[in-house]
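Q: Sharing a structure here in structure tokens format.
Take a look at the structure:
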């Protein structure tokens, strides 16, 4: 893998996990309520898990940017993303489409959906792609510009898809699908 693509991918994932941790820490109570609503943890585990998950996400974000954590960062990212996808899939299988995913922060409520499960599985695959061998070459100024442009494009795409997904339940209701 080209080192610019590798650095861009790891940075993108680090920003994603850093933002996720920030959103959860900004509204610990709201995240704790969302986590409890999933019904997957014993009640006594919800509070510690609501405090631990953002710390783990922040640790994954840091590991993704540390050269010495070449394996730990991507594997941790993939594991968390697959854990979140599994939690959503279990609740979708239970018919619980109204749950807040807990991933958009306190400002926005995002119901779980098959799209979010697929998004997390796809992001987990991207995280594992960061384990590919990296070709050695020196990064230059054009690489920096390319990485910044790619990050900005991915952030805009993520925001656009997230906004579209937030309207999916209303669209389904309008179509009479729910």
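Residue numbers (my numbering): 69 to 246. Glycine is no exception: its CB is placed at the ideal position from the N, C-alpha and C atoms.
Alpha carbon to alpha carbon, what distance is there between residue 195 and residue 88?
A: 16 Å
Q: Answer yes or no: do residue 105 and residue 204 have a C-beta to C-beta separation smaller than 8 Å?
A: no
Q: Specify whether the region 77-91 and the region 119-128 touch according to this definition: at least 3 beta carbon pairs, one from each stretch, less than 8 Å apart.
A: yes
Q: Relative to the alpha-carbon of residue 83, which residue among 100, 142, 210 has its alpha-carbon at the smallest distance?
A: 142
Q: Taking 8 Å as the limit between beta carbons, can you name the residues of its chain near residue 133, skipping five residues before and five after?
A: 78, 79, 82, 141
Q: Kindly indicate which three-state DSSP category residue 24 falls into: helix, strand or coil?
A: Since the first residue shown for the chain is 69 and the last is 246, residue 24 is missing from the structure and cannot be characterised.
Q: Would the region 143-152 and the region 186-193 be scored as touching if the rule is three or more Cβ pairs under 8 Å?
A: yes
Q: Under a three-way DSSP split, which group does residue 95 fall into?
A: coil
Q: With 16 as the cutoff for other CB atoms within 10 Å, does residue 103 come out buried or exposed?
A: buried
Q: When DSSP labels each residue in this structure, what does residue 230 get in the three-state scheme?
A: helix
Q: Is it buried or exposed, residue 99, if we count other Cβ atoms within 10 angstroms and call 16 or more buried?
A: buried
Q: Could you have a look at residue 166 and say whether DSSP puts it in helix, strand or coil?
A: DSSP places residue 166 outside both helix and strand once states are collapsed to three, so it counts as coil.
Q: Identify the residues that DSSP records as bridge partners of residue 179: which are they?
A: 168
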